[in-house]
Amino acid sequence: MIPENLRYSRDHEWLTEGSPATVGVTAFAADALGDVVFVELPEPGTLVKAGDPCGEIESTKSVSEVYAPADGEIIEVNVTLSDEPGLINTDPYGAGWLFRLRVTGDPDLLDAAGYTALVS
1 MIPENLRYSR DHEWLTEGSP ATVGVTAFAA DALGDVVFVE LPEPGTLVKA GDPCGEIEST
61 KSVSEVYAPA DGEIIEVNVT LSDEPGLINT DPYGAGWLFR LRVTGDPDLL DAAGYTALVS
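Position one of the sequence shown corresponds to residue 1 (UniProt numbering), numbered consecutively onward.
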């Protein structure tokens with residue numbers, strides 16, 4: 001199920017409305033990755049541009065980059081993921097969030113219907 005209250009990038013990241021926005025990877029991406037074993041996230045204070053790589057998620061299958069879904073500044077990272085990276089698999093829209101972003105500008109993102117069409 002794709003939450004209706006979030007916005008989505010074409011690279012399978014989600015973010016909440018407003019600023020700061022909470023950012024994570026979708027259940028679709030988490031399922032494709034397999035069991036997540038390590039997460040590398042940007043440092044707070046890092047400035048990012050939409051579409052730029054800003055972290056990595058390592059699973060038993062592969063290593064995948066995390067892309068910034070919008071321009072902005074990283075203001076917080078989910079430190080719990082360093083000890084429990086599997087939260088990305090078990091709760092991708094909740095406890096498995098990646099970072100909080102102070103959004104600048106108006107990102108080009110999909111609504112839930114648009115994301116559903118992308119992954120269907």
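Here a beta-carbon is modelled for each residue, glycine too, at the ideal position from N, C-alpha and C.
Cross-strand partners of residue i (DSSP beta bridge)
i, result
"LEU101", "ALA21 and ILE74"
"GLY55", "VAL66"
"GLU40", "GLU56"
"VAL48", "GLY72"
DSSP three-state assignment for residue i, whether helix, strand or coil
i, result
"TYR93", "coil"
"ILE2", "coil"
"residue 159", "The structure shown does not extend to residue 159, since the chain is modelled only from 1 to 120, so the question has no answer here."
"GLY86", "coil"
Pairwise C-alpha distance: residue j and residue i
i, j, result
"ALA68", "ASP108", "12 Å"
"GLY18", "ARG7", "11 Å"
"ASP52", "VAL66", "8 Å"
"GLY24", "SER120", "20 Å"
"THR80", "LEU118", "30 Å"
"PHE38", "GLY96", "12 Å"
"ARG100", "ALA113", "24 Å"
Bounding residues of the beta strand (DSSP E) (the contiguous stretch that carries residue i)
i, result
"SER120", "Neither: SER120 is in no beta strand (DSSP E) and is coded neither H nor E."
Host alpha helix (DSSP H) of residue i (start-end)
i, result
"LEU109", "Counting along the chain, LEU109 falls outside any alpha helix (DSSP H), and DSSP gives it neither H nor E."
"SER31", "Note on residue identity: the sequence assigns Asp, not Ser, to residue 31. Start and end: 27 to 33."
"THR16", "Premise fails: THR16 is in no alpha helix (DSSP H) and is neither H nor E."
Supposed close pair residue i, residue j - CB separation, criterion 8 Å
i, j, result
"PRO36", "PRO3", "Reading off the sequence, residue 36 comes out as Val, not Pro. Rounded, the Cβ-Cβ distance is 19 Å, inconsistent with contact."
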